[in-house]
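Residue numbers (this note's numbering): 20 to 425. In this text, a Cβ means the ideal position worked out from N, Cα and C, and glycines have one as well. Beneath this line is the structure, given in structure tokens, with notes to follow.
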Ligand SMILES: *Cc1c(COP(=O)(O)O)cnc(C)c1O
């Protein structure tokens, strides 16, 4: 008789976005005349179309696939050289970081990579995550049997180290009391929009090297960094080559959420004894993955062309203008807000006496605006609320005007 992987049964079920959808559906059923008034600033998905330089590259690559001489079958497991080279040059060497093209693994997105990476580590590895957190890091370890049991009272897994990130510590985690083996960090952060300074990130790199931990660094929002002292990659820190893996995505900087492209960087010096993580991940990629499509990798290459860069700078600026509208508007209305400067997320403190879900209801009913309750990202997110800058400018302005009038 077959048995299922019982680790899956330990997952408490991700009610966050389905709960939001249910509440919005119930509201529109009760108030059908308000259906078209609802403004959604809850989702973490982009809304601007692909930039012209990317569309042009996609069309050209499609045409190549239609000719025997330029047809491409299976892509190389680890990515096409043309893409790995421009990534290494633009994202790393151009910033003075020592990362070579053959340390870059091209994939179909950062979500898969940051959930699959745990496979190459021992089953008894202890993980540390920020709280609140992007749920993928925890859930992928639950499925692998590494997280222990769910405690519905504390809303935590028994074998995971949670590092609270709240207003009190400026949303920057402290080193945990118990020593972890794997540390998930995401900066600029989803959901809080917070960043670490270069010195703070250097502190984490030094810590990881000292205790023998690996930092799994998710830099999906790198393109949104606007301030000077915020590192664009963990490899700006000394010693990161011996302790850090970095995940990048084309989803948020280039609107590839529906196109799918990302990459992971594993420096060759990153070793456990004499076993290199680079070779384990290469082996995994070769066995379980058959490469991102040629057409999509050509589109990825166009992200680094001069036209592509200029067009995408404008796209990011469009979203960041929204972020400013939200940030300034909420602040002037008396809210305590953070984020929104180096990230498309604004994190606000819910008003006195209202928890995250109560504020969700209040916002939906009074302003007809949908956001995301902070408690959905972890227990330390209780009392907070996330708004995203991924909407249109007009709707964002309208939403904030309504919130101000509340
Ligand atoms: C959006 C996002 C990603 C990107 O995932 P893709 O699979 O590349 O679309 C990764 N990490 C975080 C924290 C995100 O918010």
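Sufficient close CB pairs (3 or more, under 8 Å) joining the stretch 135-147 to the stretch 158-166: yes
Boundaries of the alpha helix (DSSP H) in which residue 271 is found, first to last residue: 270-273
message: If you measure from each CB to the nearest heavy atom of ligand 1 and keep those under 6 Å, what residues do you get, in chain order?
response: 63, 128, 129, 130, 153, 205, 209, 237, 239, 268, 270, 271, 276, 281
Of the listed residues 242, 293, 423, 291, nearest to residue 337 (C-alpha basis): 242
- request: Sort out for me which residues DSSP pairs residue 182 with in a bridge.
  value: 149
query: Any idea if residue 339 is buried or exposed, counting beta-carbon neighbours within 10 angstroms, 16 or more meaning buried?
result: buried
message: Considering Cα atoms alone, identify which of 208, 174, 292, 226 is closest to residue 193.
response: 226
query: Are residue 240 and residue 199 touching if we call contact CB-CB under 7 Å?
result: no
message: Assuming residue 274 and residue 65 are in contact, meaning their beta carbons sit under 8 Å apart, how far apart are those beta carbons, in whole angstroms?
response: 5 Å
For residue 266: DSSP bridge partner residues: 237, 283
- request: In angstroms with no decimal places, state the Cα-to-Cα distance between residue 333 and residue 272.
  value: 10 Å
task: Look at the alpha carbon of residue 380 and the alpha carbon of residue 56, and state the distance between them as a whole number of angstroms.
output: 15 Å
Residue 356 to residue 202 span [Cα, whole Å]: 27 Å
query: Could you give the C-beta distance for residue 284 and residue 122, rounded to a whole number, given that I count them as a contact under 8 Å?
result: 6 Å
- request: Could you work out which residue in 315, 109, 266 is closest to residue 133 when comparing CA atoms only?
  value: 266
field: Identity of the residue in 408, 116, 368, 373 nearest residue 187 by Cα
entry: 368
field: Alpha-carbon to alpha-carbon, residue 30 and residue 212
entry: 26 Å
query: Taking DSSP as the reference, what is the three-state secondary structure of residue 175?
result: strand
field: Sequence-distant residues of the same chain with beta carbon closer than 8 Å to residue 93, five excluded per side
entry: 309, 310
field: Beta-carbon proximity check, residue 76 vs residue 321, cutoff 7 Å
entry: yes
message: Suppose contacts are defined by Cβ-Cβ distances below 7 Å. Is residue 276 in contact with residue 341 by that definition?
response: no
query: Going by DSSP, which residues form a beta bridge with residue 10?
result: Shown here, the chain extends from 20 to 425; a query on residue 10 therefore has no answer.
- prompt: Any idea if residue 124 is buried or exposed, counting beta-carbon neighbours within 10 angstroms, 16 or more meaning buried?
  reply: buried
- request: Measure the C-alpha to C-alpha separation of residue 299 and residue 117 and round it to an integer number of angstroms.
  value: 21 Å
query: What residues in its chain sit with their C-beta under 8 Å from that of residue 180, if we drop five residues either side in the sequence?
result: 145, 146, 147, 148, 195, 197, 199
For residue 36 and residue 456, the rounded distance between their alpha carbons: As shown, the chain starts at 20 and ends at 425. That puts residue 456 outside it, with no answer to give.
- prompt: How many Å lie between residue 254 and residue 110 at the Cα?
  reply: 10 Å
message: Can you check which of these residues, 231, 294, 391, 217, is closest to residue 191 by C-alpha distance?
response: 217
message: Excluding the 5 residues flanking residue 296 on each side, which residues of the same chain have their C-beta closer than 8 Å to its C-beta?
response: 139, 233, 264, 285, 289, 290
- prompt: residue 411 to residue 27, Cα distance in whole Å?
  reply: 38 Å
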